[in-house]
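Take the sequence shown: its position 200, counted from the start at 1, is 1575 in the working numbering, and no numbers get skipped. Beta carbons: idealized from backbone N, C-alpha and C, even for Gly. Below you'll find the structure, written out as structure tokens, and then a few comments.
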Amino acid sequence: MEKQDKTALVTGITGQDGGYLAELLLDKNYKVYGMHRRGSTDGHSGRINHLKGKLELVCGELTDIGSLSKIIKQIKPDEVYNLAAQSHVGISFSQKHYTNEVNWLGVERLIDCIKEEAPNAKLYQASTSELFGEVLESPQSEKTPFNPVSPYATAKLKAHNAIKRERENGMFCCSGILFNHESPRRGLEFVTRKFTDGIARIKLGIPQRETGKNYLEMGNLEARRDWGHSRDYVEAMWKMLQQDSPSDYVIATGETHSVREFIEAAADVAGIKINWQGQGVEEKGYDQSGNKIIAINPKFFRPNEVNFLIGDATKAKRELGWEPKVRFKELVEEMVQADLEKLKGK
Ligand code: NAP
Ligand code: GDD
């Protein structure tokens, strides 16, 4: 077999970004190790089934320093991509201690293990546009002050600061301040995929996944996000670790849309025009035949909300030569079509 050029460890391999990043690294002839955690269900996330035999899976936990130390000692990676996290902002409000353990202290553990067992390894940390929180300027760039409003974001900010601290102490480590990125592999509990799966079910006459109802229950429709494609964003992660010196980068499309706009665009791809009626929690969305297809359920509201995000990725363009390839309309189209395909015949 051809000798592989570099060795990479990807934590969070079973997540949305893990699979796309592994594909990219394998294409570049890396030896790829993916860290997954033990689960009670059979096998791993379907997201990496197609990579069986190409990447090596190792079992570890960000909350368990012993497992991290052993893995890094065994692999001696050239590059570590830390994608593992409790990544759901809404859930972080009810699981703030766990979120802190994984999203902050997990990163501190990983740093310590790398320093001990593979001190020359470069580290990528999955930072986030959630750090901007209640935004203090728009668009948000690397210079925009952080103002986090969720337990998820406060934990990620502590990790972000840890990366900065280690960089100042000589470690090659970067934080990618990534804005929301989606794909047909996005988890079903995030708003884009929840809706593309939901509208595909409505189109095909299949009950909703969690409620069994024939309409979707959504939260705040007015929040705005800068949505890109995961495949584009993992390329930026890799590029950060190929620079001569490490730095932090904002990765974004520079376009912002509300949740309502995403919903209308996705319904449109499925051939459904939404007629909105009512206000606030009483608002409903109906299809052309007058069937209720959307209702508001306050259980999806968050105690604190990030209302508006739009990123300025000028530095990434200038220094990494990175630009997003997939734009909003194409992203929505790909996600809805993929869910329609998946659900046909069910
Ligand atoms: P995701 O789909 O939720 O995947 C998270 C991954 O982390 C999964 O593989 C999960 O394993 C693993 N994980 C969770 N807790 C762990 C623990 N204690 N120990 C080891 N592994 C653990 O997230 P994603 O969308 O791919 O995002 C990747 C990273 O980027 C995350 O850190 C996220 O916070 C950050 N981020 C994401 C976005 C975005 O829009 N997608 C934007 C900015 C930053 P299981 O499969 O076993 O649960
Ligand atoms: N999840 C969800 N479910 N969100 C809803 C719903 C719903 O039914 N209805 C409205 N929303 C709103 C949320 O209140 C939020 O304002 C917006 O849709 C986006 O929510 P998510 O898709 O859950 O993503 P997020 O922006 O909170 O967090 C994602 O992006 C961050 C980067 O900014 C995650 O991927 C984080 O891990 C990531 O750091």
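Environment of residue i [buried if 16+ CB atoms lie within 10 Å]
i                  : result
glycine 1441       : exposed
glutamate 1505     : buried
aspartate 1392     : buried
glutamine 1500     : buried
phenylalanine 1676 : exposed
lysine 1531        : buried
leucine 1563       : exposed
lysine 1578        : buried
lysine 1427        : exposed
aspartate 1662     : buried
asparagine 1478    : buried
asparagine 1404    : exposed
arginine 1422      : buried
Residue i beta carbon near the ligand NAP (any heavy atom closer than 7 Å)
i               : result
valine 1722     : Residue 1722 lies beyond the stretch modelled for the chain, which goes from 1376 to 1721, so this question has no answer here.
isoleucine 1388 : yes
glutamine 1470  : no
glycine 1391    : In the sequence as displayed, the identity of residue 1391 is glutamine instead of glycine. Yes, since a heavy atom of the ligand NAP falls inside the 7 Å radius drawn around the Cβ of glutamine 1391.
leucine 1437    : yes
leucine 1579    : no
leucine 1384    : no
asparagine 1595 : no
alanine 1459    : yes
arginine 1584   : no
Any non-hydrogen atom of the ligand GDD closer than 7 Å to residue i Cβ
i              : result
threonine 1503 : yes
threonine 1567 : yes
arginine 1677  : yes
serine 1462    : yes
glutamate 1512 : no
alanine 1713   : no
Beta-carbon proximity of residue i to residue j, cut-off 8 Å
i                  : j               : result
tyrosine 1456      : alanine 1537    : no
phenylalanine 1507 : tryptophan 1602 : no
lysine 1674        : lysine 1667     : no
methionine 1546    : isoleucine 1669 : no
leucine 1596       : isoleucine 1638 : yes
serine 1469        : tyrosine 1527   : no
Please determine if the stretch 1428–1442 and the stretch 1476–1485 are in contact, where contact requires at least 3 C-beta pairs separated by less than 8 Å. yes
Three CB pairs or more closer than 8 Å across the stretch 1545–1561 and the stretch 1400–1415: no
Measuring CB atoms only, is the stretch 1708–1718 touching the stretch 1636–1653, in the sense that at least three cross pairs come out at less than 8 Å? yes
May I ask you to verify whether the stretch 1619–1633 touches the stretch 1684–1697, counting CB pairs closer than 8 Å and requiring at least 3? yes
Taking three-plus beta-carbon pairs below 8 Å as touching, is the stretch 1583–1593 in contact with the stretch 1610–1624? no
Is it the case that the stretch 1558–1565 contacts the stretch 1693–1712, given that we only count it when at least three CB pairs across the two stretches are under 8 Å? yes
Under 8 Å, with one C-beta from each stretch per pair, do the stretch 1510–1517 and the stretch 1676–1686 reach the 3-pair mark? yes
Does the stretch 1648–1659 come close enough to the stretch 1568–1581 that 3 or more CB-CB pairs lie under 8 Å? no
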